[in-house]
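To start, the structure itself, in structure tokens.
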Amino acid sequence: MDQPRAAARLRVLLGQLGRRSAGAVIAHPTSGAVPPAGFHPQQFQYTRDNSVLTLEQRQFYEDNGFLVIKKLVSDADIECFRNEFERICRKEVEPMRLVVMRDVTIAKSEYVPSEKMITKVQDFQEDEELFRYCTLPEVLKYVECFTGPNIMAMHTMLINKPPDSGKKTSCHPLHQDLHYFPFRPSNNIVCAWTAMEHIDRNNGCLAVLPGTHKSSLKPHHYPQWEEEGVNGIFHGIEDDDENNDQVHLVVEKGDTVFFHPLLIHGSGRNKTQGFQKVTALVSSKQSQPLRDMMDPGQEATTLASRDDILITNAFSPKIIDRKGK
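Residue 1 is where the sequence shown starts when you use full-length UniProt numbering, and the numbers rise one by one after that.
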């Protein structure tokens, strides 16, 4: 068929379809081909595109590696989590796979199940009430700002910081969470840390080094402090400089801190007579099968081994259903 006849045939066909003639067809560039005049896209590396965070909040996290959301978790939910923790301390419930860690300063012979004896419960994925924290819509909508959708709960904790014995056992040296995590990539991981009461420097608030999330994973070791009794499960970065520019995060009940796993942070000693409590969730986006997310160079290792405690960085990931299951 010659070109004139082909063109005529095409005009007839287009007319039957109710479209313009072939001569009137106009090609438009795709959205990514030619940006509008004056359009300068903002480059974000650590946050995801959605409508939850403001531009200022995104930029703050990009620059500093952490973000505080005030009054995110309700008082009612926090009290439910507190009550469940106390039931666990009294051994009224014993969820599967739950790790209960007691105060290292208390001798075995003096141990009596109670809130005063327990410093942390972790891996509470099988405790329906505590795991509800990981499914709270108000928490998940912010988690997705840093991980994207398809969230997995990689590690869960409820920390009960006891009054310090004078030997820094309640103090957590500066460290990077990624030291404990064998999964990657780091930019798909975020920690959500919710205060269960007012926390300041008196009872051992978080201390962070803003911007350190942009660095690589540093070597960690057991801190060489003058005082004996430093908690054996706590490692710290080797090149800790006491003169660094720490920012202490004073928070209220329900406030939640989201931070990157490479952010250098720690917490001070609890100088009060009360027990300081926080709930924490480490989340990661399930972008591939879990076995492919693991870093072959960072296998599960023993972090502390004593007569009364054996802790490893093993994990029991659980997919979080946005419907709360």
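No residue lacks a Cβ here, since even glycine has one placed at the ideal position from N, Cα and C. Computed from a predicted structure; not experimentally measured.
Query	Result
Might you give, ordered along the chain, the residues of its own chain that have their beta carbon closer than 6 Å to the beta carbon of K161, omitting 5 neighbours on each side?	S170, G204, N270 and Q276
For S186, which residues of its own chain have a beta-carbon under 6 Å away from its beta-carbon, when the five flanking residues on both sides are left out?	L178, P261 and L262
With DSSP as the reference, identify every bridge partner of T256, one or two as the case may be.	I69 and T194
Among R90, V143 and L67, which one has its Cα closest to the Cα of R48?	V143
Does the segment 236-246 come close enough to the segment 128-143 to have 3 or more Cβ pairs within less than 8 Å?	no
Which residues mark the beginning and the end of the beta strand (DSSP E) in which Q158 is found?	Just to set this straight, residue 158 is Leu in the shown sequence, not Gln. That run of the beta strand (DSSP E) goes I151 to K161.
Which residue from G274, D240, V190 and N244 puts its Cα closest to that of E62?	V190
Who pairs with G236 in a beta bridge, going by DSSP?	H221
Could you tell me if E84 is buried or exposed, where buried requires 16 or more neighbouring beta carbons within 10 angstroms of its beta carbon?	buried
So what's V139 in DSSP terms, helix, strand or just coil?	helix
Could you give the DSSP three-state label for I26: helix, strand or coil?	Because the pLDDT at I26 is just 30, under 50, the model does not fix this residue reliably, and the value given afterwards should be weighed accordingly. In this structure, I26 counts as coil in the three-state DSSP scheme.
Among E79, Q59 and K318, whose alpha-carbon lies nearest the alpha-carbon of C145?	Q59
Which residue marks the beginning of the beta strand (DSSP E) containing Q276, and which one marks its end?	Q276 to K285
Take V52 as the anchor and find which of Q45, V247, I69 and G65 has the nearest alpha-carbon.	I69
Less than 7 Å between C-beta atoms, sequence neighbours within five positions excluded: which residues of the same chain meet that for T279?	F81, Y133, L158, T194 and M196
Could you check how far apart the C-beta atoms of V73 and L136 are, in whole angstroms? I think they sit under 8 Å.	7 Å
Alpha carbon to alpha carbon, what distance is there between N150 and E86?	32 Å
Any idea what DSSP makes of G38, helix, strand or coil?	In this prediction, G38 has a pLDDT of 43, which is less than 50 and means its spatial position is unreliable; what the coordinates show is noted afterwards. Correct three-state label for G38: coil.
Please name the residue, chosen from L206, D321, P163 and M154, that lies closest to M294 on a Cα-to-Cα basis.	M154
Output needed for D75: all residues of its chain with C-beta closer than 8 Å, excluding positions within five of it in sequence on either side, in chain order.	K253 and G254
Provide the residue span of the beta strand (DSSP E) that contains R48, from first to last.	Run containing R48: none; DSSP gives neither H nor E here.
Roughly how many angstroms separate the alpha carbons of T147 and F44, rounded to a whole number?	13 Å
One question on the structure: do N64 and P210 come within less than 7 Å of each other, judged by their Cβ atoms?	yes
Buried or exposed: which applies to S21, given that a residue is buried once 16 or more other Cβ atoms fall within 10 Å of its Cβ?	Low per-residue confidence applies at S21: pLDDT is 38, beneath 50, and the placement is therefore not dependable enough to give any value.
If Q176 sits next to L140, beta carbons under 8 Å apart, how far is it from one beta carbon to the other, in whole angstroms?	With a Cβ gap of about 24 Å, Q176 and L140 do not count as contacting.
Looking at the secondary structure, which residues open and close the beta strand (DSSP E) in which R102 lies?	V99 to R102
Quick check: residue 327 and G268, are their CB atoms within less than 7 Å of each other?	Past the edges of the chain, shown from 1 to 325, lies residue 327, and the structure says nothing about it.
For Y180 and V282, what's the separation of their Cα atoms in angstroms?	11 Å
Give the range of the beta strand (DSSP E) segment to which I88 is assigned.	Careful: I88 lies outside any beta strand (DSSP E), inside the alpha helix (DSSP H) at D75 to C89.
Just the Cα atoms here: how many angstroms apart are D200 and C89?	25 Å
So for Q57, helix, strand or coil by DSSP?	helix
Residues in its own chain within less than 6 Å of E115 by CB, not counting five upstream and five downstream?	E86 and C89
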